Each structure stands twice: as structure tokens, then as C-alpha cells.
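Protein chains in written order, with my numbering: chain A, 1 to 122; chain B, 1001 to 1122. All residues carry an ideal CB built from backbone N, CA and C; glycine is no exception. Given the structure is predicted, the values throughout are model-derived calculations rather than measurements. For reference, the structure is listed below as C-alpha cells.
Number of protein chains: 2
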Amino acid sequence: MAKANPARICPVAAFQRMISGKYKLRIVWDLKDGPRRYGEIRSGLLRGTEGSAEITPRVLSRELKALTASGLIDRKDFGEVPPKVEYRLTRKGKSFVPVVAAIRDWGDRHLSEAVSLVDAAE
Amino acid sequence: MAKANPARICPVAAFQRMISGKYKLRIVWDLKDGPRRYGEIRSGLLRGTEGSAEITPRVLSRELKALTASGLIDRKDFGEVPPKVEYRLTRKGKSFVPVVAAIRDWGDRHLSEAVSLVDAAE
DNA sequence: CAGCATCCTGCGTGATACTG
DNA sequence: CAGTATCACGCAGGATGCTG
Chain A
1 MAKANPARIC PVAAFQRMIS GKYKLRIVWD LKDGPRRYGE IRSGLLRGTE GSAEITPRVL
61 SRELKALTAS GLIDRKDFGE VPPKVEYRLT RKGKSFVPVV AAIRDWGDRH LSEAVSLVDA
121 AE
Chain B
1001 MAKANPARIC PVAAFQRMIS GKYKLRIVWD LKDGPRRYGE IRSGLLRGTE GSAEITPRVL
1061 SRELKALTAS GLIDRKDFGE VPPKVEYRLT RKGKSFVPVV AAIRDWGDRH LSEAVSLVDA
1121 AE
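Structure representation (C-alpha cells):
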């Protein structure tokens, strides 16, 4: 079982590592309404960030695996062809939704309109 | 002025960008108790992640600037020598604290003991 | 449809040294 | 003390093409 690290591990830092990457949080958020298929998640990632190109399979696949490894989501493969795979939140993942909701809520209030990130940069 | 992007910008994605990096969240959390000096923040980053080495000035400096640009923290320079600079949360930054608290709280409950990130990796 | 294989690039992060 | 200047490196993330 890991290494039985008795020391503090700073939940905030752990969280940072866990959701590192550009899409993990959005994926979790997308999954809050129920299971979704690979392609659906992919499509969902497009809406809301028209500026960027489509997420590549390589990246999405990695994010999905990382989330699975973190225990936030679960992969369900409906055998055979044509391939059909669904991803759904685990219990842990579901417990995480309110946190993302809080994030989304805050973001809605404080950075939906303008400010920062763009003009304040240089 | 930015670009007056009228479309949805997905608060979650915006959040991701805003707190991207390994230390931003922790810095904000450290600042919740009041203003702190550059060196204090640096020291604070050490506790809780004994695995990694000390944060380098270059990195800390950038994180601080990014947070300032995001409008989460504010830099107060007490003129002259010897240099003394304090960083404190802005109003926006303070409103963000509860969110980090939620994150920390969740992390405490779900990844303080063991699991993920280590053994589930490969 | 749901991926994997390969190659490539930028940037986030770190180490070290120097300065006002 | 509070940074900046350089150099270096690994990895996240994207592009393209292929497969079961």
C-alpha cells in the first residue's frame, strides 16, 4: 500500500497533481450527468473552447487513464465490435463533483465576463 | 479590451488555466491568514512536500506574477533597502479561499491516507 | 468507434549564479 | 532580502496516420 507516508501530504498539492492537465476537471464535470462514451466526451470538450482545436485521441486517452488511475472515473467496456466504451464517475468521483461545482460557481462570478489572463499578462 | 469574446468561456477551463502550475493554489492558501513576505511564502511552500526540493526564485516569482495578473493577490513593496515585499489576497482572492478550502477538505477526506497517484500509476 | 504508434514542439520547472 | 539572468530538461499536449 503505497509507502505509508506518515507525514502530511498537503491535500492542496495532491489535488493539484491529480487534476493537472487541461481537461481533467472538465471531463469530471461532463460526467456528472451520467455515463458518457469516449466520443461524447470528446465532443463535449469542444463546446466552450472554440479557440482551441479538437483534443487529440492521444491526449484524451491519457487524461482518461489518469482519472481512472486516480479513482475518479471508471471505464466500462461493452465487449466486441463495434467498440463501445463508457466512462462514469466512481463514488469518489461523485463526491468530487460538488467541489468542481464550487469552482465553476466561483469562476462564473469572477471570471466569466472579462479581466485577467489576457490583458493583464504583459 | 481583450477581444470581447462573447461566447461562453467555460469557468472550469478558465479556472484550470488560472491555477495552472504546482504552487498557485498553495500560495493562495498560505495567504489566507494574512499578508506574507516573499521569503515566508517560500518557506511555507517547503512544509508539506518534503519530497521535492525548495522552490526556486525564478518559479516562485513567476507564480506570484501570474497570481497578481489574475487579480488574486496584490503586491506591496515597502520601498528602499533592505527589500521588503508583502503579498496579500485581493478581494477576489479572498472570495476564492472558500473554494480552496473545499478542495482541501475534499482532499483531506479522499486522498490523505493512501490510494492513487502512486500504486495505481502503472 | 475507440483507441494506439510515432514524431515534434513549447513551456513549465529546476539548478546555478548574480544584483540592487 | 527579493528578486533577475541563463542554461538545461522532461513532459504535457498537439499533428498524423494506422488498427481491431
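Contact between B:R1088 and B:W1029 is absent: CB atoms are separated by about 13 Å, not below the 8 Å threshold. Listed along the chain, the chain A residues whose CB falls inside 7 Å of the CB of B:D1108 are P11.
If the five residues before and after B:R1037 are omitted, its C-beta is found closer than 7 Å to the C-beta atoms of K1084, V1085, E1086, all from its own chain and listed in chain order. Along the stretch 93 to 107 of chain A, the positions whose C-beta sits under 7 Å from a C-beta of chain B are S95, F96, V99, V100, A102, I103, R104, W106, G107, read in chain order. Neighbours of A:R26 in chain B, taken as residues whose beta carbon is under 9 Å from its own, are C1010, V1012, A1013, Q1016 in chain order.
Taking a Cβ-Cβ threshold of 9 Å, the residues of chain A close to B:K1022 are A13, Q16, R17, S20, in chain order. DSSP, reduced to helix, strand and coil, places B:V1085 within a strand of the structure shown. With the rule of 3 Cβ pairs closer than 8 Å, the stretch 1091 to 1108 of chain B counts as touching the stretch 95 to 102 of chain A.
In the structure shown, A:I55 adopts coil according to DSSP, grouped into three states.
Spanning the alpha carbons of A:H110 and A:A66 requires a straight line of approximately 29 Å.
About 15 Å separates the beta carbons of A:R47 and A:L60, which is beyond the 8 Å limit, so they are not a contact pair.
Using a CB distance cut-off of 8 Å, B:L1031 does not count as an interface residue toward chain A.
Residue pairing by DSSP places A:D74 opposite A:R88 in a beta bridge. Only exposed fits B:V1081, as fewer than 16 other CB atoms lie within 10 angstroms of its CB. Within the DSSP bridge table, the entry for B:R1026 names no partner. Measuring C-alpha to C-alpha distances from B:A1014 to each of A:R26, A:T90, A:L72 identifies A:R26 as the nearest. Counting only the Cα atoms, B:F1078 lies some 47 Å from A:R62. Residue state for A:R37 is assigned as strand, using DSSP reduced to three classes. The beta carbon of A:S70 sits closer than 7 Å to the beta carbons of M18 from its chain, once the five residues preceding and following it are set aside; these are given in chain order. B:P1057 sits away from A:G107, with the two beta carbons spaced by 8 Å or more.
When C-alpha distances from B:L1072 are compared across B:S1020, B:K1094, B:D1033, B:P1035, the shortest belongs to B:K1094.
The beta carbon of A:Y23 sits closer than 8 Å to those of L45, I55, V59, L60, E63, all from its chain and outside the five residues before and after it, given in chain order. Contact note: A:L89 does not reach chain B at a C-beta cutoff of 7 Å; the least C-beta distance is about 13 Å.
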